Structures are given as C-alpha cells and as structure tokens.
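One structure is given below, encoded as structure tokens.
Number of protein chains: 6
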Amino acid sequence: MTPTETAQVLVEALPYIRQFAGKSIVVKLGGAAIDRESDLALAQDVLLLRSVGVRCVLVHGGGPQVDTMLRRVGKEPEFRDGLRVTDEETLEIVRMVLVGKINRDLVATINSQAGAEPVAVGVSGEDAGLLTVTPADRALGFVGNVTGVRAELLHRLLDDGLTPVVSTIGANAEGQPYNVNADEAARAIAVAMQAEKIVYLTAVPGLLEDPKDENTLVHRLTSAELRDRIEHESVGKGMIPKLKACADAVDQGVGFAHIIDGRVHHSLLIELLTDHGVGTMVKREASW
Amino acid sequence: MTPTETAQVLVEALPYIRQFAGKSIVVKLGGAAIDRESDLALAQDVLLLRSVGVRCVLVHGGGPQVDTMLRRVGKEPEFRDGLRVTDEETLEIVRMVLVGKINRDLVATINSQAGAEPVAVGVSGEDAGLLTVTPADRALGFVGNVTGVRAELLHRLLDDGLTPVVSTIGANAEGQPYNVNADEAARAIAVAMQAEKIVYLTAVPGLLEDPKDENTLVHRLTSAELRDRIEHESVGKGMIPKLKACADAVDQGVGFAHIIDGRVHHSLLIELLTDHGVGTMVKREASW
Amino acid sequence: MTPTETAQVLVEALPYIRQFAGKSIVVKLGGAAIDRESDLALAQDVLLLRSVGVRCVLVHGGGPQVDTMLRRVGKEPEFRDGLRVTDEETLEIVRMVLVGKINRDLVATINSQAGAEPVAVGVSGEDAGLLTVTPADRALGFVGNVTGVRAELLHRLLDDGLTPVVSTIGANAEGQPYNVNADEAARAIAVAMQAEKIVYLTAVPGLLEDPKDENTLVHRLTSAELRDRIEHESVGKGMIPKLKACADAVDQGVGFAHIIDGRVHHSLLIELLTDHGVGTMVKREASW
Amino acid sequence: MTPTETAQVLVEALPYIRQFAGKSIVVKLGGAAIDRESDLALAQDVLLLRSVGVRCVLVHGGGPQVDTMLRRVGKEPEFRDGLRVTDEETLEIVRMVLVGKINRDLVATINSQAGAEPVAVGVSGEDAGLLTVTPADRALGFVGNVTGVRAELLHRLLDDGLTPVVSTIGANAEGQPYNVNADEAARAIAVAMQAEKIVYLTAVPGLLEDPKDENTLVHRLTSAELRDRIEHESVGKGMIPKLKACADAVDQGVGFAHIIDGRVHHSLLIELLTDHGVGTMVKREASW
Amino acid sequence: MTPTETAQVLVEALPYIRQFAGKSIVVKLGGAAIDRESDLALAQDVLLLRSVGVRCVLVHGGGPQVDTMLRRVGKEPEFRDGLRVTDEETLEIVRMVLVGKINRDLVATINSQAGAEPVAVGVSGEDAGLLTVTPADRALGFVGNVTGVRAELLHRLLDDGLTPVVSTIGANAEGQPYNVNADEAARAIAVAMQAEKIVYLTAVPGLLEDPKDENTLVHRLTSAELRDRIEHESVGKGMIPKLKACADAVDQGVGFAHIIDGRVHHSLLIELLTDHGVGTMVKREASW
Amino acid sequence: MTPTETAQVLVEALPYIRQFAGKSIVVKLGGAAIDRESDLALAQDVLLLRSVGVRCVLVHGGGPQVDTMLRRVGKEPEFRDGLRVTDEETLEIVRMVLVGKINRDLVATINSQAGAEPVAVGVSGEDAGLLTVTPADRALGFVGNVTGVRAELLHRLLDDGLTPVVSTIGANAEGQPYNVNADEAARAIAVAMQAEKIVYLTAVPGLLEDPKDENTLVHRLTSAELRDRIEHESVGKGMIPKLKACADAVDQGVGFAHIIDGRVHHSLLIELLTDHGVGTMVKREASW
C-alpha cells in the first residue's frame, strides 16, 4: 500500500475511534465455533478496541456443545418449536457447559492474546442478579425470558478495565436458574447498557436479498424495513430470531445493530472503523 | 434470654464488628457439602457480615463432585500421593464441575438469601489473571502451584459491594488452565489480599488433642506450636494440608487462621463476634 | 448461653446495625442523674453505637442542679405553670450549670470510657447559631422557644467522628441567650437533623397503661393514638411534655420516638438492636 | 485622607492579607475585660480576618471572674507562688466560670457582630481530648501542665468555617479535669497548630524598655534577646510568664509572637496588616 | 496617618475584599497609553487583587497604535462614521499590532511586576473560539459584531491562577478573523463571564455633569438614568459608546459598571476597595 | 483496498494509538510555508491525533516572513554567522510577525478544520513565563538561549482539551523579551514536557545518506550515530541545527525525534501510526 492509501484508512478510522471511545458495544457469538484462527482474530479485535477505549461485552450461546455433553451423559436433547426442553438435569448440564466450558474457553483465548495483562472475566447471568427472568412456557421447563438486566454490573467491570464474557443463564427472584436464548439476552443487555451497537457474529455475510446468493448482501436498512421483510418472509427462516433482535434493539435505543460474517478475520474491526463495513447495519431512522 | 444477657452479647460483639469493618476475610469451604441448612446459615452469616462492612471472599473446592461427574462420563478418577492426576479431559471436567456447578450453586444459595440485592458473583482463578500458576509435577498433568494472585481484582469487586465466590482453577502465563488445591489457593488469596483472617470450614470441631475425642479441642495456638505438632504427627493425617496452610497464612501476614465446624449453624458468626469462638484459632505470636 | 442463643442475638442485631449505620439518633437525658453505673453504661452504649456508624447526639437538661446552684448563691428558684422564671441573674446561673457543669461532666464520663480517642465534645445552643429562639412569654423572662436549628453544625461534628453533647441554651438574632426546655430542644434537633430516632431516657419503663403499675407497659403506638391518650388524660401528667414531643417528632419526620428506662443498664443498646426493645416506641403509621 | 494615602494603606495591607490567608493565628485574651468597646472591636477584627481567610483561634483566661464567683459561694481564693490552689470544689467553680460564663460571653459577643452567620463556637480543653495534662504540683491540687494538644480538632472547626474560642481546662488520660494556665495553654496550642503567629492582648503597649514609660516600647527583638532580658530582670515582673511563653513559642516553630495593647481599638488588625504594627514582635532569627 | 485612620481604611476594605474574592472583574484599557507609571500602578493593582482572590481579565484596544503602523507601511487609515474601514491588508496590520505588540507589552509589564511567578497570558478572541462574530456592515470590510463568547476559556485560565489579557480580534464560524470594537467586546466578555464588575479605565475622571468641568463628577447613577442622559445628549459625544456599553452591561447581568480615571495611580484599587470610589458607578437598580 | 488490507492498517495502527494516548508530542513547523493543502492536512492530522488522546503542541518559526516585514518598514535584515542581529526595532517586528501573524494564521487554519469546537490557542514564550532566556551573545542584541520552560502551562492547556501553538519569543527574569531559535525552543519544550516525541516537519524526506539523492533516506539511527555524522560533516550543512536538536532531545529524555517531509500530506499521521513511517527516526538506544 502507498502512504496515501494508508493515510486514507487512518483518516477514515480515527473519527470512528473517537466516536466509539467510551461507548459500549455488545458482541454476540454463536456457540458453533468457526475455527481457531477466527477466534484469535476476534480476541485481538476486542483487545484492540478496548485499548482505544471501546467498552466491549461478549455474549455467547452454546447449543451444539450442550447437545454433545447431554449425549455424553446419556440424555437425548429434546426440542419443542425449536426451543430446548429443559428439565432440571438438562439445566445442570446447560449451566456446566455454558459457564464451565464455553465461557472458560473464550476467557482463556482472549487472555492468551492479552499478554501481561489478562482482562477477560467470565460472568453468568446469575451473578449478582445480572439477568432476572420469568418462566417462558411451562412446557419448556426451566427456559426463561429476560425481564431485567443489572447493567451497572457490567459497567463496573468495564470501568475497572475488564472485558466481561457473559453466559446466558438467568435466575428468577428466588434464585432459581433458567436457560435463556442468547440472541435475546444479548439484545436485552445492549438495551440496558444503552449500548452504541450490538453486533451479531454469524456464519453468513449478513442479511441477503437472496439467501442463496452471498453477493446479494443488504448493507443498510431501517428497523421498519427489516420488520417488513420478516413479515413477508423474504428472509432465511433461521435468521428470523436474530433479525427480530436487531430490530428490537435499535427500536429500544441501541444506536446500531450489525450482522457480520464471523468467518472473515477482523470483520468486527472493519465493520466498526471503516465507512463501508462488511455486513448488514440496522438503524432506527434512515438518516445514514 | 434476659435483657442483661442480650446486652452482654451485644457489648461483646460490637467491638469485633468495629474491628473487622473494612477488613477482608477469606472463607474456605470444602467440596463435600454438609447439609442444605448449614449452607443457608453460612450464606446468612456472609451476608450479615457484609452488611456491617466485613469483606468476605469465599473459596471452594469440590473433589467428591468431580469424582461423580468423571464416573458419569465413564472415566475413573486417578490419584497419586493423594493428588488427582489431571489429563486434559479430566481438567475439562474439573473446570465444568467447579466453575459450572459448585460455584454456581453457592452463588445461587447466597443470592437466594440476599433478597432484592443479589450480591454473590462467581469468579474463576482464570478470570483476569486472578491465579497464576506453574506446573506442580509433570506426572500429575495439569495440576498447578499458585505463584501469583491478582488480589486487586477481588478488592475491586468488594469495593463494588459484591461478594466473590472463587473457583480454584488457575492459568499459566500462556493462558493454559490448571487445577489447584483449594486449601492452598485460599491461603495464597488471603496472603495476597492482606486479609485479617482465613477461616477453614470443616466437618470437625477444629484441631483436637485426640483426633478421636471431640472434647479435646485446642482453642488457640501459635503457628510455631502448630508446626511442632504437624512435625511430631500428633494431628490427624487428613488435617495436615489444612493445618500447614493455617501456619503458612499467619506467618505470611494474615492476622489469624481459624478452623471451625461447618456443621454448627452460624459458627462463622460466633467465631468472629464472640470472645471465645467455637473452633481453633492460630496466630503468629502468643500475645492473645 | 449456648452458641445457638448467642448466634440468635447476633443474627437479630446485625440487620439493625446495618439499618442504623450512618443514621442519626438523638438521645435526651434528664438532668436528674440516675446513678454513676447507669451513666457509664450509657457512655459505653453511645461509644459502641458510634463504633458501628450510628451518629448519636446527646441532649441534656438540668433542672435540679440549677436549683441547687441558685440556692447556693442565695436565690430561690421561681416557677410559673411549671416553667422557670428566668431573670438575667438566673439565666447566668442556668448557663453556668448547664454548659459549665452538667455538659462537662457528661463529656468527661464519655471520654473516660473512650480510651485513647476521646470523642465527646460539649456544644451549647449558642455556638455558631445552633439554636435560634424567640421569647416564649414576657412574664417568664429569658425563656425561649426554638425557631431554628443549624443542624449541619452537628452533622459536621459527627462527620469528623465526634459525639456532640448539647446544652439547651439558645440565642436570639441579636445574640441574647435564652433558656430552652430540653425535651422540646431535643425534638427540634431531631427533626432538623432528619434523625432516624429520638430516644428519651427516663426514670420509668416507658408509657404505662396504668401509671402506677410498671407491668402495664405500652410497647408500641402511633402518634395519633398517643395524642388521643394525652387528650383523654389517660397518661401521667408529668409525662405529658415528653409524650407530646414524641408525637410531634414522628409527625415532623423523625422515624421513631422511644421512651425507655434509663435505670436499666444498656437499655439504649437493647432498644435499638433487638426485635422487642425495652420501652415504648412511637411511630407515625401503624405498619409495624 | 487622600486617595493616595488610602491607596498606600491598601497596597501595604494586601500582601499581608495574601500572606496570612490560610494561616493560623492564636489570640490570647486576659480574663480581665478591658471595656465593651474594645471587645466589640476585637470581635470585628477576628471576623474581618476570618473573612479574608485567616484562621483565628481565641484562647481566654479568667482569674478575676473566678475569684468573684468563689467568694460568692463563700470560698476564699488561695494562691501559692502566684498559682491558684485548686481543690475539687474550686475546680468545679473554675470550670463553671471559664466554660459556662467567660467563654459563653465571648462567643455571644462575636456572634452578635457576625450577622446572619454566627461562627463562634466554645470549646473546652476537655472536649475530644483537646488538651491533655499531667499534674503540675501535688500541693496545688488540680493544676495541670499541658503535655498534648489535639490540634486537628481546631483545624477541623476552622476548616468548617467556624471560629473556636478555647477555655483552658484540660484533662488527664483518665478524664479527670485540671485547671491550666492560659498563657501557657495558648502557646502550646499555637505550637501544635503550627500557627503563623501568637498574639497576646494585654493592658500595656507591649514590652517597654522602662516599664513605667509607655514611650519606651521595644518594637522588635529575637527570642534570644528576650530571654536575655528576662534573665537580667530588666522586664516588669508581671510580664515574665507571658514573655517566656513568647520566647518558647517562636523557638518551638511559631513564626512570630506579638504582645499588643488590647486597649487600642483594632490593634490586632493594625499589628497584622501594616508594616510597622503597634506592639512588640518576637521572632526567632533577627532577619527582619 | 494615625493607627485609627489606618484601621478605618482596613475595616472598610476587608468586607469588599471578602465580597470580591472569587468574583470576576473585567478591566478595559484604552489603546492610548497614559504613562509608564500609571501602567505599572495598574499592573500592581491587578496583581494585588489577584493575590486576594479577585479574578481580573484585561481587555485592550489600540486605535492610535494601529494608525501609526498603517502609516509606517504606507497606508492611510480610513474611517466611516467613526469606524475603521478594514480591508484584508488593514486587518492583518490590526491583528499584528493588537496581538503582536500591545497585548505583548501589557503581558510584559504585568509579568515584570510579578516577580518569580509571571501570571499574565495573552489571548486573542480567535483562540479556541473565544469571540465569535458576524460582519457588522459590508462597507466596513472585516469589522465584526460579537455574537458569542466562550467564557469558560477565560474561567479556566483564571482557575489555573493566570491573568488573561485579551486582544479583541474575533472570528466567524469559518475561522475568518474580524476586527471588533474593544469597548463592546469587553462588555460582551463581562456579560458572558457573569462578572461582578466591568471597569473602563479612561483619561477622564468619569461621567461629568459638565464635560468641561472635572469637578462635576457624577458618582452614581442607574442604567435608566444613564440611558436618559445619552438620549438627551447631555454627555460628551466621545463618551457615548463607552456609556452605552456600561448601561448594556448592567442591564445584562453584570453587577456594576465603572468609569474611572486611569491617570490616578491605583484608581482601580481605590474604586473597588473603598466606600466612595474615585469615578462613576453604574448599577441597574437605585438601591445603593 | 481489500478488507484484509484495511484490517492490516488498523491492526497495525491501534497499538500505536493506545501507546500514544495521553502522551505529549511536540511538532515543529518551519516558517517557510509549503502550500495551503499541506497546512490543511497537517491541521487535520493534529485534530485527529487529539481526538484519540494524543497531546500535540505546535511550535513554529518564521524567518522568511520576518525578512519580508522588515523590508516593508524599510529595514534590511542583518545576520551574523547565520543568526539574526536583533536590535530593539527588529525585536518588535519579529514579535509582531511571529505572534501577530504566523501564530494567528496557524491557529486560524486549525480552527477552520475543527468545526463546532475550535481548539487551537496561540501562546507566546512570554506568556506566564513559558520560556525563560538569557542573552546569547551581546553582538546579536536581543537573541536569547532558553534556560527554563514552564511546561505545566502547556500541560494545563492540553488538560483543558486545547491545542497550543507556540511562538518562540522568550523573556528574561525582568520581563525583557528576546528572540529564540525555534528548533532549539521546540527541543527545550519537548524535554521539559517529558514528551514522547519531537517531530520536525521539513521540506526534505528526512536525513539522507547523500543530501542530493532523496532515495538515500536513513530510516533509523541512534543519537550517537547521528552525532558521529554531524561531526564528520556527512550531512547537509543546513540540517545541522535541526539534527543536533534531535540528538539533544533524545539524550535529554524525549522518547523519539523524527524528521519528516512536510510536503507529503498526512506524513505526521503515517509516521506515528504505522510500523515503517516516512522519515528519519532518532532514538537514544539501538533497541528498535
């Protein structure tokens, strides 16, 4: 690259860095790991953004790994309308896998890149009442909907220079734990934190006009336009919960929601610090 | 009780409350749960002490529960000289059970007693470099000795009004997790925090002159006297690691080490806030 | 006492300690000393409460001692409707006795129990405009009604870790001193300080259904109920000013007013830190 | 006066005002009141100096008034080598007169000039351990020498914008009150406060070459020169304790000691804010 | 002077010093220097006032010096209705003379009197957007009217213990510099700073009943009375802009406006710190 | 550019941004303006760096413009050994041109790019004693060497979010102004500020092996190597003062000295935020 090209990237990025400094960004990762390289690049992105003052919170799911563990202890996963039926034994396994394995591995990956100052800390929604829930549906057992987020807990950790990694187990007022959908929990956290952005890392480039053609990426749309597409079923079915969460997030005060491709290394950095980004951006108003 | 008796307890307790306000106390719990009632009484004690300004940190082990889970996934626990041989698969199970189950259950129990303000937060030694370790012995696999404690992490949580519950998984400088002996980890944490006290909750009344006679409780002794007894093998063998940890703690700057009976409800409160206590107290100097 | 009984007192007291930490409590003592032992126990109570963060202010009267001194300098005390007629010479004696003797003795008693850190300081209502008054009744001479309390003066002393002992001499806007009724002054101070409690130490157990039978103690009543009793004269006549002050205090924002028996050692501690107390408690609303 | 003369006074005074702002000055008043007008002028001076940031502390004695009161209650004052023999009854009277009368009157006078913000507060050496003493001489009874001053107590009051007026009753470690010489107590307070100045208000113009000729005022001398004069008895005998206190004060770290004429209205202001002053100034070194 | 006379000046001045401590005062100097002695006396006054906490800002003009420099580079000054026609070349000269010469000389004079701690700093209205302007009249070229003052810039300098000397060049939103009338700029600054006073130093004693007779000084008048005189042309024509600025200043919130004689040494000090002052004082309301 | 290339620039730049955040950087500009475009790019760079927390101070010279103005007022510039002979009249012109013209133009250029928040402020070395000097050589007149820098003045402005632009006029202890060499003044300022970097913007690419061949740029060298080259005269003569200033700066504690090409737009940004830079970097030790 020529100095002029380099200068152009920097001149473009610095205002974004300034704009996001001190702002909170919630990044949701799927449980389905992509590859070790992508994970390391993401860990680097989070640490780089932190180093210039961006307050990143990671929220993770973990469906596939839970299934594996359930089967290992001889229990067949069971779903109803796409939602996991969660009896007491299942809940215990879910909690062990999310908090005791996936969260741990993410914390370890980030800290392995952080050199002398490991900054990642695991947090569960049960800790200090971070996620308060009510039961979603008796038939599903211990599956909960988020009714409260104690956002100051995350803000305090961020104020202390730490990077929280959140497992989406919540608890009701009596302290009974519940399993919570991670896309939804990430949205609730972003709204409660008055985050500038929520970013969903996925295994697709973003929202596609034609779900089968990766060249039909929609770069920007409003939440109203997004809801319209959801209603008219012009989006891939598997994407619907994530897309609804995006629309809800911006309508409830989050500045921007992004769906980006976790397979592209450093996609988080590019999406945040360049004019054009690499995925789909959702905003409330159309004043781009 | 008569008003005079009540007044006597209060007049005795208030100077202790004043003395411990703002001081840190590390409480080590065994993995072997005693009973639900004891757990609830302990949770209440921790919350009551917190309410008058005592900074409690809980550290837990979990041997028996790890054995159970290992067997459940078809793996026989293996020990060498009383220490668990920890291959990669075992480590993963240890981590899941300690961080994802025992820690979670303790957090939930405390928060269930905390009413509108749940304050317990789970922390693992891997979080933000809390416990740095080096390998203990190649033959044991991923078993580590604590070489560093980032005590300010716990102090920050306490400053924020939270009560940390610590799982004793550490990590080396490259982020590789290791299993750590919980009695030892508790001692290292107490020393690093410049704690006023370390309290080991056990299933015995304390140090006994005659390990078979619960009426032979030793109320007080110095670390030198304790080391003498350990050397002359006049103590129950199973108690030795805990007793050594007590002697080390006070010799390294912790004010007092206590071994008390976790089966007596509220034994923590009684030990701390009355003149006579209920267990064994170890101090460096004999100036009682 | 068994450990369980001891634990019970502590479990009961700690929430009160937490609740009162940082709160202000005004304690009114009569001029009629009970006995040296009671005074020492009271001094200890005040110091113990202070040590756990309760902000105690003592307010004292001194009628009998003033009479003694007046007679000593050859002047017969004179009263009209139970109120002292206070000419200039009487005022000078009142001031000398209250500020220069009773207040001094209380300060000395508390400091004698405070060991290396004497904390009691004498304050007169004249100091820095603490108590502003207007003349009560021309016929009484220099007797005043409190029209203003500079409560921040007491709060500043408390913030500095000191325990104020207040003599109830006030001054008008021109600096002329006036004698003030101590029960009334205590109420005005408690209201202005937004105190949690006002406690009147007396030589009776509290409000009695039958003033002649100490077993008929009324444990709790509302200010409305109390006013009703005053109106229907079902209370001992000598108690009326104190009872009115109690009703006024809670109706003007003080949380609770208490009348307790100063003869019972540590009655202040018991009243504040146990569920049942030892005297009569007055509250605005009946939601016990 | 012409504008030029006025300007001259201001140009001269402003650097002093700047220099003394934030500094502490201890002013000792005799018990022998001079006249009401002088008292009012002094009260104004103290308030004016306070308004520009000078931290004034007043210390008073009260011999003549004590004598009067003793006789009023039928007790003849008794002295040994010029020092009052102080039995328990005498001590009680001393305390009542100093704390309950003279201190009160000074506080009232200052507050009467302070308008909407009365700032004077009475303090006794017994309060919060302000003056710690040991017995001076068994034959004198309760007469003490100052061995400790808790200067931060006065600094805290000054920090709060208040003006302390100090009665010189001290207490030993057990809380027993003692009578203390006021000149000496003022010196001890000035030293402990690291005061810039100590000012003795007297009924003479200052130190005179010839005690009988007021025109022989010594304007400045060093503490060594002053000690020399004391030793050679070239000073009025009655002045010796005051002069020794001056020499001791500057040798122990007080910047300057002054003896000025309390009969000249506003002499305090003139001494502090003009180049030439009106009395005698004592300094450690001769570098005027 | 006698001590009594000296005391009188001090007793009179101290309340003013207290009143002005922490308050802001804007002093406007003409460009026409009077004499070196007056400048030095003014510098001393500003430093003395600063030393007792008065926050002085100096604002200067410079018409005559600009004319001299214009002629030196061969350009004849041109005026329309008394206002300077300012083309680009003129503007550059105005800026050089005001910022690069007059301001510099004032800064140097003050700092030469400030000893070890030079405190004067030059500021131009262009710096950090201090003075925002819009063009006054196309025919006049780069002459602007002040539309905004960033007063916190001056307050920050004053907070840092510095004394700002302001040149009255402003800039529009695009950064184009404009020449601004100094009397007007001083008023705008005083209003924006919520100054206690604005003082115009002139070469006359103040407002005169008869502009030809210096003995007809008007000591005090309200802004309404002043506007009335301006309207009825009973004032010297050359004084009108200054007088209007005085009336505007007090009507827009400045406490007092003063016109004083810069030729009288220390006139600033006398005007501020004595009851009678030396010039004309304008206030909004007539409640003197 | 591809996303990967963009990511690469960002991943490279972010650690630098973090490293320089909160650090001070002194940028020296020649008086010989290059072109309007370069100036605007520089202004943008300074504002972008400021926006991410870099504390930039600009220092400027102005030889050519001074010559022009001197000739305009009919005075021929005079030099001795390359240094300007500065009589009183010349000094006045130098001051007017530097402070009243060049500084002003730089401030205006930066503020024109700063939108709603103009942040540039002009400062002269005379302000508040920023640059203290002693005469350099009697024959040169008012030419001074910097003997003191009051760096906290610049730090205070930076703390307030402002960007200082410094003219290199100093003053001696009596307030007499002196002309100072700008390269030297920039070095003295950087040393006193404990700056991370000093950057000299020039009209050449940096230090060249062969001054006539721009392709022979020396990218890095130590101060010892640089001094060696200066001594052996293997550098362009005109560069010597700047090169000596670079060597002195790093030997006196500045982290790095840079000579970069002011003609390359955004060269400041590229030099600071990329691994390779565009000019010559001087460091004390060779541990690159």
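Protein chains in written order, with the working numbering: chain B, 24 to 311; chain X, 24 to 311; chain U, 24 to 311; chain A, 24 to 311; chain E, 24 to 311; chain P, 24 to 311. Idealized CB from N, CA, C, for every residue including glycine. In this text the structure is predicted, and so the values were computed from the model without any measurement.
Legend entry - Delimiting residues of the beta strand (DSSP E) encompassing residue 299 (chain B): Premise fails: residue 299 (chain B) is in no beta strand (DSSP E) and is neither H nor E.
Inset, instruction - Out of A:160, A:172, A:197 and A:166, state which residue places its alpha-carbon closest to the alpha-carbon of residue 109 (chain A). - result: Answer by Cα proximity: A:166.
Inset, instruction - Kindly indicate the opening and closing residues of the beta strand (DSSP E) around residue 202 (chain P). - result: Run containing residue 202 (chain P): 200–202, per the beta strand (DSSP E) assignment.
Legend entry - Residue-chain proximity (residue 24 (chain P), chain B), Cβ-Cβ < 8 angstroms: Yes - at least one Cβ of chain B is within 8 angstroms of the one on residue 24 (chain P).
Inset, instruction - Kindly indicate which three-state DSSP category residue 157 (chain P) falls into: helix, strand or coil? - result: It is a strand residue.
Inset, instruction - Report the partner residues of residue 52 (chain A) according to the DSSP bridge assignment. - result: BP columns for residue 52 (chain A) point to A:83.
Legend entry - Spatial distance of residue 255 (chain E) from residue 263 (chain E) (CA atoms): Just so you know, the alpha carbons of residue 255 (chain E) and residue 263 (chain E) end up roughly 11 angstroms apart.
Legend entry - chain E contacts from the region 153–168 of chain P (Cβ-Cβ distance under 8 angstroms): Of all residues in the region 153–168 of chain P, none has a Cβ within less than 8 angstroms of some Cβ in chain E.
Inset, instruction - Using a threshold of 8 angstroms, state whether the C-beta atoms of residue 285 (chain U) and residue 293 (chain U) are closer than that. - result: One thing to note: residue 285 (chain U) has its Cβ no nearer than 8 angstroms to the Cβ of residue 293 (chain U).
Inset, instruction - Output yes or no for whether 8 angstroms exceeds the beta carbon distance between residue 144 (chain X) and residue 185 (chain X). - result: The answer is yes: Cβ separation under 8 angstroms.
Legend entry - Partners in chain U for residue 41 (chain X), counting only beta-carbon separations shorter than 7 angstroms: The contacting residues are 74 and 75.
Legend entry - Under 9 angstroms from the C-beta of residue 292 (chain E): neighbouring residues of chain A: 29, 30, 33, 34 and 37, listed in chain order.
Inset, instruction - Can you say whether residue 219 (chain X) is buried or exposed, counting buried as having 16 or more other CB atoms within 10 angstroms of its CB? - result: In this structure residue 219 (chain X) is buried. Its beta-carbon is surrounded by 16 or more other beta-carbon atoms within 10 angstroms.
Inset, instruction - Taking residue 126 (chain X) as part of the alpha helix (DSSP H), name the residues at either end of that continuous run. - result: For residue 126 (chain X), the uninterrupted alpha helix (DSSP H) run begins and ends at 126–136, by DSSP.
Legend entry - Closest by C-alpha distance to residue 102 (chain E), when choosing among E:47, E:142 and E:160: Answer by Cα proximity: E:160.
Legend entry - chain A within 8 angstroms of residue 142 (chain U), Cβ atoms only: Yes, its Cβ sits closer than 8 angstroms to a Cβ of chain A.
Inset, instruction - Give a yes or no on whether the minimum CB-CB distance between residue 289 (chain E) and chain A is below 8 angstroms. - result: With 8 angstroms as the cut-off, residue 289 (chain E) counts as an interface residue toward chain A.
Legend entry - Sub-8 angstroms separation of residue 213 (chain P) and residue 155 (chain P) beta-carbons: No, the Cβ-Cβ distance between residue 213 (chain P) and residue 155 (chain P) is not below 8 angstroms.
Inset, instruction - Report yes or no: is there a C-beta of chain A within less than 8 angstroms of the C-beta of residue 241 (chain E)? - result: For residue 241 (chain E), no CB of chain A lies under 8 angstroms from its own CB, so it is not counted at the interface with that chain.
Inset, instruction - Give the range of the alpha helix (DSSP H) segment to which residue 187 (chain A) is assigned. - result: Counting along the chain, residue 187 (chain A) falls outside any alpha helix (DSSP H), though it belongs to the beta strand (DSSP E) covering 186–190.
Inset, instruction - Could you check the C-alpha separation between residue 132 (chain P) and residue 281 (chain P) for me, to the nearest Å? - result: Whole-angstrom Cα-Cα distance: 23 angstroms.
Inset, instruction - Could you tell me whether any Cβ in chain P is nearer than 8 angstroms to the Cβ of residue 136 (chain B)? - result: So no, residue 136 (chain B) is outside the interface.
Inset, instruction - Give a yes or no on whether the minimum CB-CB distance between residue 200 (chain B) and chain X is below 8 angstroms. - result: Interface annotation, residue 200 (chain B): in contact with chain X, CB-CB separation under 8 angstroms.
Inset, instruction - Determine the direct distance from the alpha carbon of residue 208 (chain B) to that of residue 236 (chain B), and round the result to whole angstroms. - result: Computed Cα separation, rounded: 30 angstroms.
Inset, instruction - Keeping to the same chain, check which residues put their C-beta closer than 6 angstroms to that of residue 46 (chain E); ignore five residues upstream and five downstream. - result: So the qualifying residues of the chain are 219.
Legend entry - Inter-stretch contact at 8 angstroms, needing at least 3 Cβ pairs: the region 269–276 of chain A / the region 227–246 of chain A: A contact exists between the region 269–276 of chain A and the region 227–246 of chain A.
Inset, instruction - Below 8 angstroms on the Cβ atoms is my guess for residue 312 (chain X) versus residue 188 (chain X); work out the distance and round it to an integer in Å. - result: The structure shown does not extend to residue 312 (chain X), since chain X is modelled only from 24 to 311, so the question has no answer here.
Inset, instruction - With residue 36 (chain E) as the anchor, note down where its alpha helix (DSSP H) starts and where it stops. - result: Per DSSP, residue 36 (chain E) belongs to the alpha helix (DSSP H) from 26–43.
Legend entry - Integer Cβ distance of residue 177 (chain U) from residue 75 (chain U), believed to fall under 8 angstroms: Taking the Cβ atoms as the reference, residue 177 (chain U) lies roughly 19 angstroms from residue 75 (chain U), outside the contact range of under 8 angstroms.
Legend entry - Beta carbon proximity, residue 20 (chain A) to chain U, threshold 8 angstroms: The structure shown does not extend to residue 20 (chain A), since chain A spans only 24 to 311, so no value can be given for it.
Legend entry - 3 or more residues per run - each beta strand (DSSP E) lying fully within the region 225–295 of chain B: Here the runs fully enclosed are 243–245 and 279–284.
Legend entry - Buried versus exposed call for residue 2 (chain E) [16 or more other C-beta atoms within 10 Å across all chains shown]: Lying outside 24 to 311, the shown extent of chain E, residue 2 (chain E) is not represented and no answer is given.
Legend entry - Any chain E beta carbon closer than 8 angstroms to residue 145 (chain P): Closer than 8 angstroms to some Cβ of chain E, the Cβ of residue 145 (chain P) qualifies, so yes.
Inset, instruction - Give the interface partners of residue 86 (chain U) over in chain A, defined as CB-CB distance under 9 angstroms, in chain order. - result: Chain A residues near residue 86 (chain U): none, gap ~16 angstroms exceeds 9 angstroms.
Inset, instruction - Measure the Cβ-Cβ separation of residue 83 (chain E) and residue 126 (chain E) and say whether it is below 8 angstroms. - result: It is a contact, given that the beta carbons lie within the stated cut-off.
Inset, instruction - Could you pull out every residue in the same chain whose Cβ sits closer than 7 angstroms to the Cβ of residue 296 (chain X), ignoring the five residues on either side in sequence? - result: Here the set comprises 36, 39 and 40.
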